[in-house]
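Notes to accompany the following structure.
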Amino acid sequence: MSEHIVPVKTYIGIFVALLCLTALTTGVAYVDLGAFNTVAALAIAVAKMLLVVLFFMHVKYSGGLTKVFILAGVLFFAILVTLTLADELTRHWSPTPTGWGTLAPLLSRFF
Amino acid sequence: MAIHHAHPPGFAHQFEDMQQQREAGSLGMWVFLLTEMMFFGGLFATYIVYRALYLPSFEIGSHLLEVRFGALNTAVLIGSSLTMALAIHSAQIGKRGAQVGFLITTMILGAAFLFIKFTFEWRHDYVEHLVPGFGFAIRPEWGAPGAHVPMFFCFYFFMTGLHALHMIIGIGILAVLTVMAHRGRFTPQYYSPLEVSGLYWHFVDIVWIFLFPLLYLIGGRYLRGGH
Numbered sequence: 004m005s006e007h008i009v010p011v012k013t014y015i016g017i018f019v020a021l022l023c024l025t026a027l028t029t030g031v032a033y034v035d036l037g038a039f040n041t042v043a044a045l046a047i048a049v050a051k052m053l054l055v056v057l058f059f060m061h062v063k064y065s066g067g068l069t070k071v072f073i074l075a076g077v078l079f080f081a082i083l084v085t086l087t088l089a090d091e092l093t094r095h096w097s098p099t100p101t102g103w104g105t106l107a108p109l110l111s112r113f114f
Numbered sequence: 528m529a530i531h532h533a534h535p536p537g538f539a540h541q542f543e544d545m546q547q548q549r550e551a552g553s554l555g556m557w558v559f560l561l562t563e564m565m566f567f568g569g570l571f572a573t574y575i576v577y578r579a580l581y582l583p584s585f586e587i588g589s590h591l592l593e594v595r596f597g598a599l600n601t602a603v604l605i606g607s608s609l610t611m612a613l614a615i616h617s618a619q620i621g622k623r624g625a626q627v628g629f630l631i632t633t634m635i636l637g638a639a640f641l642f643i644k645f646t647f648e649w650r651h652d653y654v655e656h657l658v659p660g661f662g663f664a665i666r667p668e669w670g671a672p673g674a675h676v677p678m679f680f681c682f683y684f685f686m687t688g689l690h691a692l693h694m695i696i697g698i699g700i701l702a703v704l705t706v707m708a709h710r711g712r713f714t715p716q717y718y719s720p721l722e723v724s725g726l727y728w729h730f731v732d733i734v735w736i737f738l739f740p741l742l743y744l745i746g747g748r749y750l751r752g753g754h
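Protein chains in written order, with the numbering used here: chain D, 4 to 114; chain P, 528 to 754.
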């Protein structure tokens, strides 16, 4: 893993690609794609992130240890979002007791 | 201390060689950036939850932002990432003048981002009474979802505000680096401060790459004047 000097041409290419993707994501937002609008916006953002991480942040040329650390971080971020949404988005699937009042008919049998 | 004469400048003796020192520095910076990712990640996750809870309100809020300023700022920030990468490249090939030039360009682009953000966007929001806590005015034409539009703007100001704070810190770091570069502290063998500061700057760029679509773009932009 010797030090790798990225050529200026590569940096310029990545810069142009990032600008094109910015124009694309802005343009797509004005087209009605239904739920796919959000998917497209996030997919383009992830693509831009990968370009920045791999080339500007030199991860493509980094050692395996750095890559494993980054993947571990992404994994924990995925856990954060997935478990939060697993709770929030499924709450309406089952009725929630509004308070002890729900149990009143049951409790009155004993007290 | 005779042994130190054999070492290249900037070399710390606990490392095997410059290569190992560079990698250790970058790895340490990445660990910090991952904590930053979880820090912003908490805000992003909360934003997703509240957006799902109050979608119509968040769509109204999103339509009140100016896409042209968000897109322009995205381009400015991507440009600053390019000049940051080129500053490190200049250090790698041993060009001191170019390092200083690219670092100053990066600072100017970062300041341009903040200028656009504060004077065009935030000031406009304040004049339009869209800042929660500073005379937020719920407009009757928003109807029932209007009650939760301030929630969108709370997220907007917290997320863009924290991002802007990171930019301000980044510009401060760049100022120090510019002086160091001018004094010739960085050589093709030793440029770790530039490299790890570059990682930070690119990370802040990535946060904006996600903030732009989440705040400005998604939420029925195609319904022009729909709200």
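We put the CB at the ideal spot given by N, CA and C, even for glycine.
With a threshold of 16 other beta carbon atoms within 10 Å, residue 725 of chain P meets it and is buried.
Between residue 604 of chain P and residue 11 of chain D, the C-beta gap is not smaller than 8 Å, which leaves the two residues out of contact. Interface flag for residue 557 of chain P against chain D is set, since a Cβ pair is found closer than 8 Å. Straight across, the Cα-Cα distance linking residue 723 of chain P with residue 643 of chain P is about 27 Å. Residue environment: residue 96 of chain D is assigned as exposed (fewer than 16 neighbouring CB atoms within 10 Å of its CB, all protein chains considered).
In this structure, the beta-carbon distance from residue 740 of chain P to residue 92 of chain D does not fall below 8 Å. Residue contact check for residue 640 of chain P against chain D: no CB pair falls below 8 Å. At least one beta carbon of chain D lies nearer than 8 Å to the beta carbon of residue 737 of chain P. At a C-beta separation below 9 Å, residue 104 of chain D has no neighbours in chain P, since its nearest C-beta there lies roughly 25 Å away. Against chain D, a Cβ distance below 7 Å from residue 548 of chain P picks out nothing, because the smallest value is about 11 Å.
Among the residues facing chain D, residue 631 of chain P is not included, as its CB has no counterpart in that chain under 8 Å away.
Contact holds between the region 704-720 of chain P and the region 622-637 of chain P, because three or more Cβ pairs, one in each stretch, are under 8 Å apart.
Judged by beta-carbon spacing, residue 738 of chain P lies beyond the 8 Å limit of residue 592 of chain P, meaning their Cβ atoms are not closer than that value. According to the DSSP assignment, residue 623 of chain P belongs to the alpha helix (DSSP H) that extends over 623-642. At a cut-off of 8 Å between beta-carbon atoms, residue 719 of chain P makes no contact with chain D.
Only 58, 59, 60, 61, 62, 65, 66, 68, 69, 72, 73, 75, 76, 77, 79 and 80 from the region 58-80 of chain D bring a Cβ to less than 9 Å from some Cβ of chain P.
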